[in-house]
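All letters in the sequence shown, in the order written, are residues 1007 to 1122 by this note's numbering. C-beta atoms are modelled at their ideal positions from N, C-alpha and C, and glycine is treated no differently. All of these numbers come straight from a predicted model, not from anything done at the bench. I have placed the structure first, in the form of structure tokens, so that the comments after it can refer back to it.
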Amino acid sequence: MAEPQRIVIIGSGLAGAAAAGALRDRDYVGDLVLFGRESHRSYELPVLSKQMLLGDADEPNRVHEPDFYEDRRVELRLGVEIVRVDVDGRSVEDSTGATHSCDRLIPATGSTPKPR
Ligand SMILES: Cc1cc2nc3c(=O)[nH]c(=O)nc-3n(C[C@H](O)[C@H](O)[C@H](O)COP(=O)(O)OP(=O)(O)OC[C@H]3O[C@@H](n4cnc5c(N)ncnc54)[C@H](O)[C@@H]3O)c2cc1C
1007 MAEPQRIVII GSGLAGAAAA GALRDRDYVG DLVLFGRESH RSYELPVLSK
1057 QMLLGDADEP NRVHEPDFYE DRRVELRLGV EIVRVDVDGR SVEDSTGATH
1107 SCDRLIPATG STPKPR
């Protein structure tokens, strides 16, 4: 199977960032685009929701510093929500209607607890 040229990851939280880092660690050399709905880099939620509330931390940690993305040639596209995946067309569409091509897609969109 041919090496993918462009991998898109949807979700800029811990899972998305870890996937991007793992791909580079495994010598993936193609384009890597990471989309995140929030306009800021993701926080580490345990610190945000626990140490900060207890007054044990002044600021929440970000999942990664900007260097992480730059060093690994990850195109970080924050404030962009992906609203449609076209599997046959190998592309994703954002909320502005713009489409972004990809050879491979990694959904890392997190999950929401289901109330019972
Ligand atoms: C308040 C809180 C406290 C927590 N505390 C702890 C803890 O103390 N210990 C622990 O082990 N775990 C804790 N967790 C759970 C842990 O943080 C999560 O398991 C972890 O954040 C999951 O990472 P993730 O990358 O899979 O998802 P998320 O962190 O949810 O990231 C998913 C990202 O995908 C983005 N996204 C989703 N859909 C789209 C879309 N269509 N287009 C573009 N972007 C999209 C979201 O905006 C988000 O940035 C906590 C979770 C929360 C909410």
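Spatially closest choice to residue i from the options, by CA coordinates
i	options	result
Gln1011	Asp1094, Val1039, Asp1064, Gly1027	Val1039
Phe1074	Glu1009, Ile1015, Ile1016, Ala1026	Ala1026
Ser1097	Ala1024, Pro1113, Arg1032	Pro1113
Glu1081	Ile1016, Glu1009, Pro1066, Asp1092	Ile1016
Any non-hydrogen atom of ligand 1 closer than 6 angstroms to residue i Cβ
i	result
Phe1074	no
Leu1029	no
Ala1063	no
Ser1018	yes
Pro1052	yes
Thr1102	no
Glu1044	yes
Burial state of residue i, where buried means 16 or more other Cβ atoms lie within 10 Å
i	result
Ser1048	buried
His1046	exposed
Test: residue i CB closer than 7 angstroms to a CB of chain D
i	result
Arg1090	The structure shown contains no chain D; it holds only a single protein chain.
Beta-ladder partner(s) of residue i, from DSSP
i	result
Leu1020	Leu1020 is not bridged to any residue.
Ser1107	Ser1097
> Can you give, in chain order, each stretch of the beta strand (DSSP E) that sits fully within the region 1035-1101 and has at least 3 residues?
Replying inline: 1037-1042, 1081-1084, 1088-1092, 1097-1100
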